[in-house]
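Notes for the one structure printed next.
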Amino acid sequence: MTLPNSQLLSVDKLSSVFSSTSATYKFYWFLAILELVDEGNTHILKRNLFSRMISNSWYTVNYFHVSFGKQDLIQDSVKRILEIEGLTINENKNIINEVLENTGKIDTIRILNHFDKNVPHWFISSWFSGNRNEIYARSENFDLGCIYRLEKDFIEINPMWVSYLQSNSKILKDFYYWNLALFLQKRNLNVPDIPNKISKSIARSSLVKQTNEYWKLFFNELGSIECIFTNSKLIFDEKKYALDHFVPHAFVSHDLIWNLIPIDKKFNSTKRDKLPSVNKYFDKFYNLQKIAFDIVKNHNSKNKYLDEYLTIFPNLDEGYEFDYLRYKETIQPLITIASNNGFSFMKD
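All residue numbers for the sequence shown refer to UniProt numbering, where the first residue is 1 and numbers rise by one.
Encoded structure:
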């Protein structure tokens with residue numbers, strides 16, 4: 001990805017900041033700078049930058065369970081701060097920033113200050129070679145047109161760079177996003193939808209259409225559904241059910257019908273993003289899906305949600321069977337990979 005050129009600035013140096021990195025620090029440090037410069041800041045406390053590094057990686061770590069790699073301390077830091085500060089997984093980003101910028105808890109402060117060891121000076125190592133002290137000294141007068149100068153507790157953005165950073169903020173954030181997505185994808189080869197797990201919040205789309213245009217046909221045909229987890233009887237008009245992602249939404253990051261089933265609403269609120277046991281629940285899940293598919297297809301073979309099964313059964317529209325083994329071979333690896341990435345299993 002090419003950054004906007006400037007005859008006055010060393011854009012080539014900025015373009016190379018992510019060329020050799022073994023952790024996510026530089027990515028989140030750069031995004032924090034862009035956000036705070038967008039807000040009109042040029043004299044920026046390191047504490048505020050470190051806080052943004054945590055808040056910007058919050059959902060990716062806590063909700064989506066994306067792995068940052070063994071050398072990366074941001075992942076562990078986010079999880080520890082979640083517990084130390086008593087915050088929630090879905091905490092508002094602005095609240096996270098406010099808490100971290102003002103906390104007096106020694107453990108949190110120690111975690112944030114740890115990033116000062118390498119991140120601020122290594123980010124501008126494209127402009128300077130040398131050790132920490134040498135880079136700090138050379139940045140003092142914005143030597144070689146570096147993007148900022150370093151002080152003990154803050155950085156100051158080079159006045160020559162301010163306009164460039166603000167006017168090209170969208171492109172620069174795309175540059176961060178694109179490079180971070182490539183970095184994380186290499187470390188999460190089998191995890192779906194990595195780019196969206198970097199940028200989006202945990203807000204989820206409504207499942208009303210899937211309910212009314214697909215599963216309602218099932219209810220109308222059979223009258224009720226037995227919850228595969230609780231065995232309770234679910235009736236459409238009683239509204240005591242909720243559509244559940246068999247493999248958690250936080251992992252698959254989609255609402256495709258082949259992963260959705262109605263379950264007991266109370267149980268759904270406790271299941272959350274826990275993983276079901278394939279050995280215990282897949283057969284029930286498959287049978288429910290198979291019956292629903294047959295009912296909907298007989299009712300309306302053009303129902304748009306039937307097409308979503310083609311990701312599992314590419315030849316389904318040519319008369320091929322709703323194959324049990326093929327379905328299980330799709331679900332089982334997803335559950336295994338999700339477990340390996342930190343998702344917990346349901347407790348019986």
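All C-beta atoms, glycine included, are put in the ideal place defined by N, C-alpha and C.
The structure displayed is predicted, hence computed values, not measured ones.
- In this structure, the beta-carbon distance from Q210 to L234 does not fall below 9 Å.
- Excluding residues up to 5 positions away in sequence, T24, Y25, Y28, M53, S57 and F68 lie with their Cβ nearer than 7 Å to the Cβ of I74 in the same chain.
- Going by beta carbons, Y305 and L316 fall outside the 9 Å limit.
- Partner residues in the beta bridge of H245, as assigned by DSSP, are L260.
- Where L334 is concerned, the enclosing alpha helix (DSSP H) starts and stops at Y324 to N340.
- Contact annotation: F218 and I291 have beta-carbon atoms nearer than 9 Å.
- Ranked by how close their Cα comes to the Cα of S205, the residues P262, M346 and H254 have H254 in first place.
- Along the length of the stretch 15-84, whole beta strand (DSSP E) runs at least 3 residues long occupy 43-45, reported in chain order.
- In the same chain as I194, and ignoring 5 residues on each side of it, the C-beta atoms closer than 8 Å to its own belong to V66, A181, L184, Q185 and N188, in chain order.
- For F343, the closest C-alpha among the options F64, S6 and L207 is that of F64.
- As far as DSSP is concerned, F267 takes part in no beta bridge.
- Bounds of the alpha helix (DSSP H) holding Y136 are R132 to S139.
- Contact holds between the stretch 151-158 and the stretch 36-44, because three or more Cβ pairs, one in each stretch, are under 8 Å apart.
- Within its own chain, the residues whose Cβ lies closer than 6 Å to the Cβ of C146, once the five positions on either side in sequence are excluded, are I124, W127 and S139, listed in chain order.
- Residues K240, Y241 and A242 of the same chain have their beta carbon placed closer than 6 Å to that of K265, with the five preceding and five following residues left out of the count.
- About 6 Å separates the Cβ atoms of M160 and L9, confirming a contact at the 8 Å cut-off.
- Cα atoms of I225 and D283: separation of roughly 15 Å, rounded to the nearest angstrom.
- Checking the DSSP bridge columns, you'll see L234 partnered with I225.
- In the same chain as V278, and ignoring 5 residues on each side of it, the C-beta atoms closer than 8 Å to its own belong to K328, I331, Q332 and I335, in chain order.
- Distances from the CA of S55 to each of Y164, S163, E134 and I89 were compared; the closest alpha carbon is that of I89.
- Judged by DSSP in its simplified three-state form, R149 adopts strand.
- Note that the C-beta distance between F50 and F142 is not below 9 Å.
- In the structure shown, the three-state DSSP call for F128 is coil.
- DSSP places E156 in the strand class (E or B) of the three-state scheme.
- When the alpha-carbon of T230 is set against those of P248, T270, S77 and I109, the nearest one is in T270.
- CA-to-CA, the gap between N303 and R110 works out to about 56 Å.
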